[in-house]
Amino acid sequence: MKIADILSRDSVIPELRSKNKREVLEELVNVIVEKDCSLNKEELLEVFLERERLGSTGIGDGIAIPHGKLKNIDTLFASFGRSIEGIDFESMDGKPTHIFFLLVAPENSAGIHLKTLARISRLLKDSFFRKNLMEARSEEEIFKNIIERDEKETHLEK
Numbered sequence: 165m166k167i168a169d170i171l172s173r174d175s176v177i178p179e180l181r182s183k184n185k186r187e188v189l190e191e192l193v194n195v196i197v198e199k200d201c202s203l204n205k206e207e208l209l210e211v212f213l214e215r216e217r218l219g220s221t222g223i224g225d226g227i228a229i230p231h232g233k234l235k236n237i238d239t240l241f242a243s244f245g246r247s248i249e250g251i252d253f254e255s256m257d258g259k260p261t262h263i264f265f266l267l268v269a270p271e272n273s274a275g276i277h278l279k280t281l282a283r284i285s286r287l288l289k290d291s292f293f294r295k296n297l298m299e300a301r302s303e304e305e306i307f308k309n310i311i312e313r314d315e316k317e318t319h320l321e322k
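Using the numbering used here, the first residue of the sequence shown is number 165, and each one after it goes up by one.
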């Protein structure tokens, strides 16, 4: 699965207004609910808050990949947010988080959910890619960087 299959340009927030973990999750969930109004915002938010109670999805290097599973959906949804200033997301390295990639999957989709998480993680491990995301000037430029890097990854896998 390509990132372009689950992330659209209007699912990208170039500068999060949030100041804490809950606000980040709310802001990223709002983007997904706007795309599919059949989703219940509070239920979706609770999925992410519950996941964060198990342990932070802030993996370090300024990255967080909040993820969860939801009943009654049949497709993956993603949103992306960036904070130039950085937000305390209780990351493993204790440093502020700047890049947020939120993923929600159908409850019975372990395989595709894990593959997509691994793909996002692999893309974000590239420090040059993270730098490009941080320097991008618009949601369009951020989206273009993500899609181009994902395409490059797809070609490397073949």
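Ideal Cβ positions, reconstructed from N, Cα and C, are used throughout, including at glycine.
Taking the Cα of residue 185 as reference, the smallest distance to any Cα among 314, 255 and 267 is reached at 255.
Of 285, 316, 302 and 314, the smallest CA-CA separation from residue 177 is found for 302. Within the region 226–312, the alpha helix (DSSP H) runs of at least 4 residues that lie entirely inside it are, in chain order, 274–288 and 291–299.
The C-alpha of residue 182 lies about 18 Å from the C-alpha of residue 297. Burial of residue 314 is indicated by the presence of at least 16 other C-beta atoms within 10 angstroms of its C-beta.
Beta-bridge partners assigned by DSSP to residue 222: 228. Excluding five sequence positions before and after residue 304, the CB atoms of its chain that fall closer than 7 Å to its own CB belong to 173, given in chain order. The three-state secondary structure of residue 177, taken from DSSP, is strand.
Counting every other CB atom within 10 Å of its CB across the protein chains shown gives residue 228 a total of 16 or more, marking it as buried. Taking a contact to require three or more Cβ pairs closer than 8 Å, the region 223–239 and the region 266–279 qualify as touching.
With distances taken between CA atoms, residue 205 lies nearest to 192 out of 231, 192 and 216.
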